[in-house]
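In what follows, a single structure is set out as structure tokens and then discussed.
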Amino acid sequence: MATDAPPRKTTRAGSAPRAAAPGRRPLLGHRRSRVDRWPLHLALIVTCLVVGFPLFYAMIVATQGNTEFFANQILPGDRLADNFQVVWRDRQLGGYLWNSTIQAIVITVGKTITALLAGLAFVHLRFPFKGPVFWIVLVTLMMPTEISILALFQIVTGLGWGNSMLGLTVPFLASATGAFLFRQHFANLPTELSEAAQLDGARPLQFLWRILLPLSWNVIGALAVIQFLYAWNMYLWPLLIISEQSEQVVQIGLGTLRNTGGGQSYGPLMMGAVIASIPPTLVFIALQKQFLAGFAISAEK
Numbered sequence: 263m264a265t266d267a268p269p270r271k272t273t274r275a276g277s278a279p280r281a282a283a284p285g286r287r288p289l290l291g292h293r294r295s296r297v298d299r300w301p302l303h304l305a306l307i308v309t310c311l312v313v314g315f316p317l318f319y320a321m322i323v324a325t326q327g328n329t330e331f332f333a334n335q336i337l338p339g340d341r342l343a344d345n346f347q348v349v350w351r352d353r354q355l356g357g358y359l360w361n362s363t364i365q366a367i368v369i370t371v372g373k374t375i376t377a378l379l380a381g382l383a384f385v386h387l388r389f390p391f392k393g394p395v396f397w398i399v400l401v402t403l404m405m406p407t408e409i410s411i412l413a414l415f416q417i418v419t420g421l422g423w424g425n426s427m428l429g430l431t432v433p434f435l436a437s438a439t440g441a442f443l444f445r446q447h448f449a450n451l452p453t454e455l456s457e458a459a460q461l462d463g464a465r466p467l468q469f470l471w472r473i474l475l476p477l478s479w480n481v482i483g484a485l486a487v488i489q490f491l492y493a494w495n496m497y498l499w500p501l502l503i504i505s506e507q508s509e510q511v512v513q514i515g516l517g518t519l520r521n522t523g524g525g526q527s528y529g530p531l532m533m534g535a536v537i538a539s540i541p542p543t544l545v546f547i548a549l550q551k552q553f554l555a556g557f558a559i560s561a562e563k
């Protein structure tokens with residue numbers, strides 16, 4: 263008596279038989295990798311809390327008066343509108359913000375332009391002593407601004423640029439960091455670009471504008487964020503070169519917020535500090551993709 267044979271598993275022609283299902287191994291491996299990462303995640307969370315707590319505390323103090331502040335109260339107070347009125351209307355923080363914004367934009371744009379030109383010169387132009395000049399630029403990276411601050415002050419005051427935006431910005435329109443950054447970036451681009459531009463009869467500035475600049479937006483964004491923050495946080499140079507209060511920048515203006523109402527008031531001071539942190543934060547948010555991509559390019563090279 264014939265019996266029904268069990269059905270055979272067939273495979274398509276030209277295809278290999280399927281391997282046995284591995285079961286839950288990939289899922290278990292994925293879970294194991296996630297479990298192994300918990301120390302890293304914990305460290306990141308702790309770092310974020312440590313970095314973010316001062317800003318959180320400043321925002322809380324900005325809503326308080328001296329009574330709540332000295333009582334170490336963590337909850338928000340009811341002096342938000344009063345502190346803002348003191349900072350914005352009575353102490354004219356808006357004028358300081360405007361001066362700092364103009365200063366930071368001029369310095370950032372100026373340093374970016376000079377850095378692009380310097381990178382072009384060090385990579386694609388020939389001139390005597392190019393190597394020693396580049397090493398001199400690198401040496402200036404190790405010299406803090408405070409070393410040359412007296413010489414800069416004498417030059418600027420001798421030119422009659424005291425209490426002016428020229429004196430505040432012109433001495434800082436060149437950047438050794440930017441020159442080094444663009445020199446490294448241009449040196450790692452294919453040499454065929456320069457050769458093709460020479461065959462087409464392009465001049466150096468045309469080569470920079472048409473070819474190098476479109477390939478450098480991420481590096482430009484990274485440099486712009488760094489230089490804007492540097493210019494925004496300048497304190498010593500504005501303190502020396504600007505004597506008129508109406509021409510001062512926001513970092514100096516914040517010092518005038520401590521004494522309000524006949525005594526020290528920390529609520530208006532923290533309110534001013536929070537407001538002063540908004541422009542650089544917006545710049546970083548707007549250019550964060552270029553900032554991260556620019557440093558990723560530098561790391562790959």
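Numbering-wise (the working numbering), the sequence shown opens with residue 263 and increments by one.
C-beta atoms are modelled at their ideal positions from N, C-alpha and C, and glycine is treated no differently.
Around the Cβ of residue i, are there at least 16 other Cβ atoms within 10 angstroms (buried) or fewer (exposed)?
| i | result |
| --- | --- |
| Ile-307 | exposed |
| Lys-226 | Outside the modelled stretch of the chain, which goes from 263 to 563, sits residue 226, for which no answer is possible. |
| Val-487 | buried |
| Gln-468 | exposed |
| Thr-265 | At Thr-265, the pLDDT of 45 sits below 50, so the modelled position is not reliable; the number obtained from the coordinates is stated separately. It is exposed - the Cβ of Thr-265 has fewer than 16 other Cβ atoms within 10 Å. |
| Leu-421 | exposed |
| Leu-544 | exposed |
| Arg-520 | exposed |
| Gly-325 | In the sequence on display, residue 325 carries Thr and not Gly. Its Cβ being crowded by 16 or more others within 10 Å, Thr-325 is buried. |
| Trp-397 | exposed |
| Glu-408 | exposed |
| Gly-556 | buried |
| Ser-508 | exposed |
| Ile-547 | exposed |
| Trp-479 | exposed |
| Leu-302 | exposed |
| Pro-406 | exposed |
| Ala-459 | buried |
| Pro-530 | buried |
| Ala-493 | buried |
Considering only C-alpha positions, which residue in the set the options is nearest to residue i?
| i | options | result |
| --- | --- | --- |
| Gln-526 | Asp-298, Phe-332, Thr-309 and Ser-437 | Phe-332 |
| Gly-534 | Gly-517, Ile-409, Leu-477 and Leu-455 | Gly-517 |
| Val-323 | Thr-309, Gly-440, Asp-352 and Asp-340 | Asp-340 |
| Leu-475 | Ser-505, Val-349, Ser-539 and Leu-378 | Leu-378 |
| Trp-350 | Thr-543, Val-545 and Val-536 | Val-536 |
| Glu-330 | Leu-549, Lys-551, Tyr-528 and Ala-548 | Tyr-528 |
| Gly-356 | Ile-514, Ala-436, Gln-550 and Leu-554 | Ile-514 |
| Ala-438 | Gly-327, Ala-380 and Ala-413 | Ala-380 |
| Leu-491 | Val-395, Ala-538, Phe-415 and Pro-301 | Ala-538 |
| Leu-359 | Ile-503, Asn-495, Leu-549 and Phe-546 | Asn-495 |
| Gln-489 | Pro-452, Thr-376 and Trp-423 | Thr-376 |
| Gly-327 | Asp-344, Phe-315, Val-313 and Gly-314 | Asp-344 |
May I have the straight-line CA-CA distance separating residue i from residue j, to the nearest angstrom?
| i | j | result |
| --- | --- | --- |
| Leu-501 | Gln-510 | 8 angstroms |
| Tyr-319 | Ile-336 | 8 angstroms |
| Leu-470 | Val-401 | 26 angstroms |
| Phe-389 | Val-418 | 30 angstroms |
| Ala-413 | Met-404 | 17 angstroms |
| Gln-347 | Arg-353 | 9 angstroms |
| Ile-364 | Leu-317 | 25 angstroms |
| Ala-305 | Pro-338 | 28 angstroms |
| Ala-441 | Asn-425 | 29 angstroms |
| Leu-498 | Gln-550 | 28 angstroms |
| Leu-554 | Leu-311 | 22 angstroms |
| Met-321 | Ile-473 | 46 angstroms |
| Leu-435 | Met-427 | 12 angstroms |
| Pro-542 | Ser-362 | 11 angstroms |
| Asn-334 | Gln-552 | 41 angstroms |
| Val-399 | Leu-477 | 24 angstroms |
| Gly-285 | Thr-309 | At Gly-285 the pLDDT is 49, less than 50, meaning the model places this residue with poor confidence; the figure from the coordinates comes in the next sentence. Cα-Cα distance, rounded: 38 angstroms. |
| Gly-314 | Trp-300 | 21 angstroms |
| Ser-456 | Ile-540 | 42 angstroms |
| Val-512 | Trp-423 | 20 angstroms |
| Ser-410 | Asp-298 | 50 angstroms |
| Pro-452 | Ser-505 | 50 angstroms |
| Met-532 | Leu-342 | 11 angstroms |
At the 7 angstroms Cβ level, is residue i part of the contact set with chain D, yes or no?
| i | result |
| --- | --- |
| Val-313 | Structure shown: chain D not included; a single protein chain is present. |
To the nearest whole angstrom, what separates the beta carbons of residue i and residue j, a pair I think is in contact under 8 angstroms?
| i | j | result |
| --- | --- | --- |
| Ile-503 | Phe-415 | 7 angstroms |
Original post:
On the three-pair Cβ rule with 8 angstroms, is the region 437 to 451 touching the region 381 to 397?
Top reply: Cβ pair count under 8 angstroms is three or more, so yes.
(request) Please confirm if the region 456 to 466 is in contact with the region 478 to 494, defined as three or more CB-CB distances below 8 angstroms between the two stretches. (result) no
Practice prompt. Take every Cβ of the region 419 to 434, pair it with every Cβ of the region 354 to 370, and state whether three or more of those distances are shorter than 8 angstroms.
Written response: When Cβ pairs closer than 8 angstroms are counted between the two stretches, the region 419 to 434 is seen to touch the region 354 to 370, the count reaching three or more.
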